[in-house]
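Note sheet for the following structure.
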Amino acid sequence: MQFSLEGRFALLFVVLATAVLAAFTVMFMWLGSLWIAAGVALLIGAPLSMFAARLLTYPITRTVQAISDGIVSMRDRDFSVSITPPAHGELTDLVESYNGLGALLRSERQGLYQRELLLDTVIQATPLSMVLTNAADRVVYSNVAARQTFLGGRKLEGLSFTELLTSAPEPLRQAVASEGDTLFTIDNDGESEIYHLSKRGFLLNSQMHRLFLLKQLTRELSRQEVETWKKVIRVIAHELNNSLAPISSLAHSGRQLAVRPEPAQLERVFRTIEERAKHLHSFIDGYARFAKLPRPRPEEVDWSAFLRSLQDTSHFRLGAPPPARTAVFDPTQMEQVLINLVKNAKEAGAPPESIDVEVQEHAGGWRVQVLDRGTGMTDEVLRGALLPFYSTKPSGAGLGLTICREVVEAHGGRLSLANRPDGGLVVTLWIPTIEQTEGKD
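Sequence positions in the sequence shown follow the UniProt record's numbering and run 1 to 441.
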């Protein structure tokens, strides 16, 4: 049978009171003096009460002290202390709760340690150089690549990042001092190494920190450059062969006809040679325009007048009334972009009456959409449509959409393609307002 803490104290009080009363009665009957009997009973009852109280409270105080020591250990981030629960009593639940909390904290710390270890392993293994500095410009974290880049593999933590940069190449120092992400080149033993530097600032523990990410792009860009040159050479070789082969054949035929003049046949020969020469000139001219795309010359443009003028050369519908506010962009370049997009829509099988052009204010800029009900694009074509020299047309050079994107990006905007749910394609281009353009300049 187990008693609660209150029950044990009550039982102790009854036992002690009975013992004191019995001692008082015996002494009174023996001595016959009330005061002497009360004094003797008090002398016997006081030590007995103290001993009994100590005996009763000792397990409680020991358990409470163990819990207190355990909490101190937790405060010191030591969660390994556990307490053996008492056999019975009210503190059993408290001890079990404490042990459960310790087990949970141990598990959480172990999981956190494993995640931190995994993250640190990934960061240390990455070829990306990573440096984190605090508000005092001291390095608080760096990975192996950063230590190798800045100090020959030695530890960077605690050092001034500005002092580290004094021995770094000048292009890197300029990239760190510049605003935003930067692409720069470093000459290393006569070879050019291309790097990309990203910088981000954030608050950590109420202090401003800066993260620097340095990545070498030489090999990646070289591979892309080689692939691009291969594509250019293949396209140029294909176009040259398509034109030179018939020209060579016709030149041989012309030589035969020169012996026996036949005006009709000679006319056909010269006409075909002229057509192939014009095609070849148009092909080369397209590449030249892509390579020598001029910078935009922005000016204030009224949307209504601009779109009406565009409708005179390219037939399309206005999907929505033009905005009343004027925009600022290069009207000649943007006109060529929209003419090319409408022409592509027609070549995709969209009737002129199904081609819509819509202009709206969106996200602090202007969103222009060309919507059609043509054949649309497959996922593979969508992924490559904006890449240079990518074309699904038999006679295409793969530069139309690329030039459109270059023009839009030169205005600080972006261009995207997407299939419409009910068939057809939507080409969306976004250009910033004059305030954003001025901010970039």
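Virtual Cβ for every residue (Gly too), placed ideally from N, Cα, C. Model, not experiment: these values are computed from the prediction.
Below 7 angstroms between beta carbons: does that hold for residue i and residue j?
i, j, result
"Gly349", "Gly374", "yes"
"Leu128", "Tyr141", "no"
"Ser192", "Thr185", "yes"
"Val139", "Glu157", "yes"
"Leu91", "Thr63", "yes"
"Gln311", "Val407", "no"
"Ala410", "Asp372", "no"
"Phe161", "Asp187", "no"
"Leu386", "Arg367", "no"
"Ala135", "Met208", "yes"
"Pro323", "Trp303", "yes"
Distance, Cα to Cα, residue i vs residue j?
i, j, result
"Gly319", "Glu353", "11 angstroms"
"Thr433", "Leu417", "22 angstroms"
"Gln110", "Pro85", "25 angstroms"
"Asp181", "Lys278", "44 angstroms"
"Gly424", "Lys231", "29 angstroms"
"Gly39", "Thr61", "32 angstroms"
"Phe212", "Gly153", "17 angstroms"
"Gln360", "Gly376", "23 angstroms"
"Ala145", "Thr121", "12 angstroms"
"Lys440", "Val301", "Bear in mind that a pLDDT of 42 at Lys440, under 50, signals an unreliable position, so the model cannot answer this."
"Thr326", "Leu401", "26 angstroms"
"Ser222", "Ile194", "10 angstroms"
"Ser73", "Ser80", "8 angstroms"
"Leu415", "Ser198", "24 angstroms"
"Leu338", "Glu358", "11 angstroms"
"Arg420", "Arg295", "32 angstroms"
"Glu170", "Glu163", "13 angstroms"
"Glu335", "Thr149", "48 angstroms"
"Trp30", "Ala22", "12 angstroms"
"Glu347", "Arg308", "22 angstroms"
"Ile403", "Ser314", "18 angstroms"
"Gln224", "Leu293", "21 angstroms"
"Leu151", "Leu159", "11 angstroms"
"Thr25", "Trp35", "12 angstroms"
"Ala103", "Leu112", "14 angstroms"
"Asp422", "Glu220", "39 angstroms"
Which residues in the same chain as residue i place their Cβ atom closer than 7 angstroms to its Cβ, once the five residues preceding and following it in sequence are excluded?
i, result
"Tyr98", "Ile67, Gly70 and Ile83"
"Arg317", "Glu353, Ile355 and Asp356"
"Pro47", "none"
"Phe306", "Pro331"
"Glu96", "Pro85"
Quick one: grab the DSSP three-state call for residue i.
i, result
"Ile431", "strand"
"Glu418", "Per the sequence presented here, residue 418 reads as Ala, with Glu not at that position. If DSSP states are grouped into helix, strand and coil, Ala418 belongs with the strands."
"Ala327", "strand"
"Glu438", "Residue placement at Glu438 is flagged as unreliable, the pLDDT there being 44, under the threshold of 50; the coordinate-derived value follows with that caveat. It is helical."
"Val131", "strand"
"Gly201", "strand"
"Arg210", "strand"
"Lys215", "strand"
"Asp69", "helix"
"Leu221", "helix"
"Arg317", "strand"
"Leu293", "coil"
"Ile194", "strand"
"Leu42", "helix"
"Leu425", "strand"
"Leu341", "helix"
"Thr25", "helix"
Sorted by chain position, which residues of the same chain lie with C-beta nearer than 6 angstroms to residue i's C-beta, five sequence neighbours on each side aside?
i, result
"Val427", "Leu341, Val370 and Leu417"
"Arg210", "Thr133 and Gly201"
"Pro298", "Val328, Phe329 and Asp330"
"His196", "Leu183, Lys215 and Leu217"
"Arg173", "Leu165"
"Thr437", "Per-residue confidence for Thr437 stands at a pLDDT of 42, beneath the threshold of 50, marking its modelled position as unreliable; the derived number appears in the next sentence. Closer than 6 angstroms at the Cβ level, and outside the excluded window around Thr437, lie Gly412."
Taking residue i as part of the alpha helix (DSSP H), name the residues at either end of that continuous run.
i, result
"Thr162", "Phe161 to Leu165"
"Asn188", "Counting along the chain, Asn188 falls outside any alpha helix (DSSP H), though it belongs to the beta strand (DSSP E) covering Thr182 to Asn188."
"Leu112", "Leu91 to Ala125"
"residue 445", "Nothing can be reported for residue 445, as the shown portion of the chain is limited to 1 through 441."
"Val381", "Asp379 to Gly384"
Excluding the 5 residues preceding and the 5 following residue i in the sequence, name in chain order all residues of the same chain whose CB lies nearer than 8 angstroms to its CB.
i, result
"Gly413", "Gly365, Leu429, Trp430, Ile431 and Pro432"
"Ile123", "Met130 and Asn143"
"Ala203", "Sequence check: residue 203 is Leu here, not Ala. Result list for Leu203: His209, in chain order."
Please report the residue range of the beta strand (DSSP E) in which residue i lies.
i, result
"Val140", "Val139 to Ser142"
"Gly365", "Gly365 to Leu371"
"Glu409", "Looking at the DSSP string, Glu409 is not in any beta strand (DSSP E); the run it does join, the alpha helix (DSSP H), is Gly400 to Ala410."
"Thr78", "Note on identity: in this sequence residue 78 is Asp, with Thr being the wrong assignment. It is not in any beta strand (DSSP E) - Asp78 carries neither H nor E in the DSSP assignment."
"Asp302", "No beta strand (DSSP E) contains Asp302, which DSSP labels as neither H nor E."
"Glu358", "Asp356 to His362"
Please tell me whether residue i has its Cβ less than 7 angstroms away from any Cβ of chain C.
i, result
"Ala168", "Among the chains in the structure shown there is no chain C, since it carries only a single protein chain."
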